[in-house]
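Under our numbering, the letters of the sequence shown match residues 50 to 205, in that order. Below: the structure, in structure tokens.
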Amino acid sequence: MSAQTVDGAKLPVGMRGTPARRLAPLHGAWVVALVATLGALFVGEVMGQVPCVLCWYQRVAMFPLAVLLGIAAFRGDWGVQPYALPLAVAGFAVAAFHGLLYAGIVPETIEPCGAGPSCASADMTILGILPLPFLSLAAFAAISLLLTIPFDRKRA
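Written out as structure tokens, the structure is:
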């Protein structure tokens, strides 16, 4: 998508409306990335969960998204899309594979990086029902969608 500048903010062609409405998807993507990053840090540092290799790969994709999208949201800069979207899609792919491993569809084991519980264990859930790999998958999917679906697109 090519970008145009309106009220000092770069946004995809076809987006219109108030500046706050045009930037809502960008702010939403940042909030999702920030919550996911803080959640991963909480699980690792407070709960003591040692991340497995796949969890680390997902962190490598998510942590920069929180910074990139935060800066872009405050600047009102949709120009971050070409940098953030590949990270979100790569994270989604790793999270999807991780979810398949967790569900037992892919017959491999998940090895933690060090001593501690594996993220494949049944007790590594939030609220007892939401497995961490699926939460990561949902976060990457939401960020990807928010970065690719502009609101208020003009109809040709």
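Glycine included, every Cβ here is placed at the ideal spot set by N, Cα and C.
- DSSP places residue 178 in no alpha helix (DSSP H); its state is neither H nor E.
- Annotation: the stretch 91-135 contains the following complete segments of the alpha helix (DSSP H) (minimum length 4 residues), in chain order: 102-124.
- Residue environment for residue 151: buried (at least 16 other C-beta atoms within 10 angstroms of its C-beta).
- Contact between the stretch 133-140 and the stretch 106-123 is present: three or more C-beta pairs spanning the two stretches fall below 8 Å.
- Residue 198 sits in coil when the DSSP states are folded into three classes, being neither helix nor strand.
- With the rule of 3 Cβ pairs closer than 8 Å, the stretch 123-132 does not count as touching the stretch 92-100.
- One thing to note: residue 190 has its Cβ no nearer than 7 Å to the Cβ of residue 81.
- Per DSSP, reduced to three states, the secondary structure at residue 155 is coil, with no helix or strand assignment.
- Cα atoms of residue 86 and residue 181: separation of roughly 12 Å, rounded to the nearest angstrom.
- Separation of the CB atoms of residue 119 and residue 79 is rounded to 5 Å, and the pair is thereby assigned contact status at 8 Å.
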